[in-house]
Amino acid sequence: MTSDEGWLEELRASEGGKGGPEGGFQLKGFGKGPKDPKIVENDALLEWLTDKGVYVQDKSDWGQAPHALAVSIDTADELDQEPSGRGMLARYDIKEGDELFCLPLEITLNKKAAQKEFGKSIIHDGLSEYFAIAILLIKERSKGADSFWKPYIDVLPSLEEVNPTVVWSEDELAALEGSPLVSATLSLRLKLQKEFETLQQDVFSKHPDLFPPEVFNLDSYRWAFVILFSRAICLNGLEGGPQVALVPYADLFNHNPFASSFIDAQSKGGWFTETKEEVVVYADRSYKKFEQVFISYGQKSNLELLLLYGFALDRNPYNAVDLTVVLPESDPLFEGKRAFLATKGLKPEMEFPVYNDRYPDELLQFLRLVCLTPEQKGNRDFGAFTFAELICAENELDVLQLIREACKDSLGAYPTTEQEDTAVMSDFQMFKILPQSMRMAIKARRQEKRILQRTITAVEREKEKILLTLV
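No gaps in the numbering here: position 377 of the sequence shown is 377 in full-length UniProt numbering, and each next residue is one more.
In structure tokens, the structure reads:
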């Protein structure tokens, strides 16, 4: 069933899968022979899936075409050519809209499975789905060969293979100095530690027979959440409502920000057939044989990708940088403005994302209030202003100047410039031999600086337009 010898020979003859869009990807994992441990793990996973009723045959069977996908043990990112671990390849030409795979919901790791393992008294209905799945994942990994999900757990990556910033050393994090990623990482680390301590106190310590401390500790909890952060899927198409799950096989797809294919669920059935809930993926475009097949993990910024998934993209249309803007206490209208913000559920200090090509209207509205002077306000209440529209030229110039200053302040927090980062990345041979965390840090911080500089350029253009109206 899993013997791909003929297909692999053809793949090797094609120089390892080169030739996808814009150079495609370079496959490096099929040349090590059938005894390679990762290939053995792949085979075990495919055999397990077949046993559970998932069609992954590599040859035509009973009138069905071979399964559309093959698992590579070593792929490269389509955009940046960074190593991206296991991935899915097109076994033959795939058309847009083709079903790539379908598997039963019952073989996923979800809260219901955790309740079955531990009982509803422990995994109660009010417990977070993420906590429930994390606890189940730790337990199943500890079972070894006795776990129902062993073939799936065997192909899950280690902390080092995922390498999100939450597991970086302090020296590695230093490469992100000035980036919002540092505070996001430290905050997530603290959150994980506090959540573990709460579970330890409220659950684990009360049931040591179910949760032995040598198994349920901070290290295993951190690993489980790294797996969840990078692989858990919210399945929206279920009759009972959205459900978070770890989906064996489906999570081997790699991310492309330009893809529009998502992993989701569907319910199938009719008058005479029992309704079945399944996880499915459809191709969002055509793929040539041997191309890597991608899905989208969602519209993620590099901060989210590096924090949760362990990688950053040099070309990411959804990249953003958070700008912090503050209503100063020295403002003569501070108390009134603060009270008005409170009625809208807002605080005097706010963060807003700025993007490659725009900044949000909400940022402008907040700063129009911040920059409103007593003279501009007059006798009107704050609620009388439509902050979604320009108040006056002077106010708008002050707003744009504040955005410019906030961007300048953010740029000043980095110890290196965009030009210095570009020089490092331009030396391709040297850049390739840097540790992966350093490469990702340089990519992420350079893109942040570019966004900030583009925002400065954009607001300066807007200022010039307004000044021309005052001449």
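Beta carbons: idealized from backbone N, C-alpha and C, even for Gly. Remember, predicted model here, so these are calculated numbers, not experimental data.
Option nearest R358 by Cα separation, candidates L305, R461, A113, V279: On the sequence shown, residue 358 is found 358 positions in, with the first residue counted as 1. Cα-wise, what sits closest to R358 is R461.
Straight-line Cα distance separating I403 from V459: Residue numbering aside, residue 459 sits at position 459 when the sequence shown is read from its first letter. Residue numbering aside, residue 403 sits at position 403 when the sequence shown is read from its first letter. Answer to the nearest angstrom: the Cα atoms are 7 Å apart.
Using 10 angstroms around the beta-carbon of H67, count the other beta-carbons present and answer buried if the total reaches 16, otherwise exposed. As a working note, residue 67 is residue 67 in the sequence shown. Buried.
Presumed contact (8 Å Cβ cut-off) between L136 and A113, rounded CB distance: Here residue 136 refers to the residue found at position 136 of the sequence shown. Here residue 113 refers to the residue found at position 113 of the sequence shown. About 6 Å separates the two Cβ atoms, so the contact holds.
State the Cα-Cα distance for the pair E195 and L346, rounded to the nearest angstrom. As a first step, residue 195 must be located in the sequence shown, where it is residue number 195. As a first step, residue 346 must be located in the sequence shown, where it is residue number 346. Between E195 and L346, the C-alpha separation is close to 27 Å.
Would the beta-carbon of residue 477 fall within 8 Å of that of N302? Nothing about residue 477 can be read from this structure; the chain reaches only from 1 to 471.
If you drop the 5 nearest sequence neighbours on each side, which residues of the same chain put their C-beta closer than 7 Å to that of I153? On the sequence shown, residue 153 is found 153 positions in, with the first residue counted as 1. Closer than 7 Å at Cβ, skipping near neighbours: E140, R141, S147.
Would you say Y221 and A134 are within 8 Å of each other, going by their C-beta atoms? Stepping through the sequence shown from its first residue, residue 221 is reached at position 221. Stepping through the sequence shown from its first residue, residue 134 is reached at position 134. In contact: Y221 and A134 (Cβ atoms closer than 8 Å).
Assign I94 to one of three DSSP states: helix, strand, or coil. Residue mapping note: residue 94 aligns to position 94 of the sequence shown, counting from 1. Here I94 sits in strand by DSSP.
Quick test of your reading: L307 and L156, contact by CB under 8 Å. State the CB separation rounded to the nearest angstrom. Walking along the sequence shown from the start, residue 307 turns up at place 307. Walking along the sequence shown from the start, residue 156 turns up at place 156. L307 to L156, Cβ: 19 Å. No contact.
If you follow the alpha helix (DSSP H) that residue 480 is in, where does it begin and where does it stop? Not covered by the structure: residue 480. The range shown for the chain is 1 to 471.
Within 10 Å of its beta-carbon, does G85 have 16 or more other beta-carbons around it, so buried, or fewer, so exposed? Against the sequence shown, residue 85 aligns to sequence position 85. So G85 counts as buried.
Using the C-alpha atoms, what's the distance from D209 back to L341? Against the sequence shown, residue 341 aligns to sequence position 341. Against the sequence shown, residue 209 aligns to sequence position 209. Distance between the alpha carbons of L341 and D209: 51 Å.
Pull up the distance between the alpha-carbon of M88 and that of V293, whole angstroms please. If you number the sequence shown from 1, residue 88 lands on position 88. If you number the sequence shown from 1, residue 293 lands on position 293. Distance between the alpha carbons of M88 and V293: 6 Å.
What three-state label does DSSP hand residue 524 in the structure shown? The requested residue 524 is not part of the displayed model; the chain covers only 1 to 471.
With DSSP run on the structure shown, which of helix, strand or coil describes K35? What you label residue 35 is simply residue 35 of the sequence shown in a count that begins at 1. Correct three-state label for K35: coil.
Between P257 and D381, what straight-line distance do the alpha-carbon atoms span, to the nearest angstrom? Within the sequence shown, residue 257 is the residue found at index 257, counting from 1. Within the sequence shown, residue 381 is the residue found at index 381, counting from 1. For P257 and D381, the distance between alpha carbons rounds to 45 Å.
Does E129 pass the burial test, meaning 16 or more other C-beta atoms within 10 Å, or should it be called exposed? As a working note, residue 129 is residue 129 in the sequence shown. Residue burial annotation: E129 is buried, with at least 16 other C-beta atoms found within 10 angstroms of its C-beta.
Reference residue 487; option with closest CA among L313, P213, S60, G383: Since the first residue of the chain shown is 1 and the last is 471, residue 487 is not available in this structure.
In the DSSP output, which residue or residues are listed as bridge partners for S267? Counting from 1 along the sequence shown, the entry for residue 267 is found at position 267. DSSP output for S267 lists E277 as bridge partner(s).
Given a threshold of 16 other Cβ atoms within 10 Å of its Cβ, counted over all protein chains shown, does Q299 qualify as buried or as exposed? Within the sequence shown, the letter at position 299 stands for residue 299. By the neighbour-count rule (16 or more Cβ atoms within 10 Å), Q299 is not buried but exposed.
Pick helix, strand or coil for Q292, following the three-state DSSP scheme. The residue labelled residue 292 in the question sits at position 292 within the sequence shown. If DSSP states are grouped into helix, strand and coil, Q292 belongs with the strands.
Closest to residue 478 by C-alpha separation, out of L452, N254, V226, would be which residue? Because the chain in this structure spans residues 1 to 471, residue 478 falls outside the shown range and cannot be described.
For N236, is the classification buried or exposed, using 16 other Cβ atoms within 10 angstroms of its Cβ as the cut-off for buried? One-based indexing of the sequence shown puts residue 236 at position 236. That one is exposed.
Rounded Cβ spacing between T324 and A250 (contact assumed at less than 8 Å): Here residue 324 refers to the residue found at position 324 of the sequence shown. Here residue 250 refers to the residue found at position 250 of the sequence shown. Going by Cβ atoms, the distance from T324 to A250 rounds to 38 Å, so no, they are not a contact pair.
Which same chain residues, not among the five before or five after P374, have their C-beta less than 8 Å away from its C-beta? Start at 1 with the first residue of the sequence shown, and residue 374 comes out as number 374. Excluding sequence neighbours, P374 sits near P332, L333.
Taking only runs of the beta strand (DSSP E) that begin and end inside the region 378-430, which ones reach a length of at least 3 residues, in chain order? none
Determine the direct distance from the alpha carbon of D74 to that of R189, and round the result to whole angstroms. The count along the sequence shown starts at 1 and reaches residue 189 at position 189. The count along the sequence shown starts at 1 and reaches residue 74 at position 74. Between R189 and D74, the C-alpha separation is close to 29 Å.
Kindly indicate which three-state DSSP category G29 falls into: helix, strand or coil? Position 29 of the sequence shown holds residue 29. Note that G29 scores 46 on pLDDT, short of 50, meaning its location in the model is unreliable; the coordinates nonetheless yield the value given after this. Coil, per DSSP.
So, for T457: in the same chain, excluding its five sequence neighbours on each side, which residues have a beta-carbon less than 7 Å away from its beta-carbon? Residue numbering aside, residue 457 sits at position 457 when the sequence shown is read from its first letter. Excluding positions up to five away in sequence, the list is empty.
On the DSSP bridge list, what partners appear for C234? In the sequence shown, residue 234 corresponds to position 234, counting from 1. V244, per the DSSP bridge assignment.
So, under 8 Å CB-CB, N319 and N356 are touching, yes? Tell me the CB distance rounded to an integer number of Å. Within the sequence shown, numbered from 1, the residue matching residue 319 stands at position 319. Within the sequence shown, numbered from 1, the residue matching residue 356 stands at position 356. That belief holds up - the Cβ atoms of N319 and N356 are roughly 6 Å apart, short of 8 Å.
Over the uninterrupted beta strand (DSSP E) stretch that includes D361, give me the two end residues. On the sequence shown, residue 361 is found 361 positions in, with the first residue counted as 1. Here D361 belongs to no beta strand (DSSP E); instead the alpha helix (DSSP H) covers 361-370.
Under the rule that 16 or more other beta-carbon atoms within 10 Å means buried, what is L218, buried or exposed? In the sequence shown, the residue the question calls residue 218 occupies position 218. Label assigned to L218: exposed.
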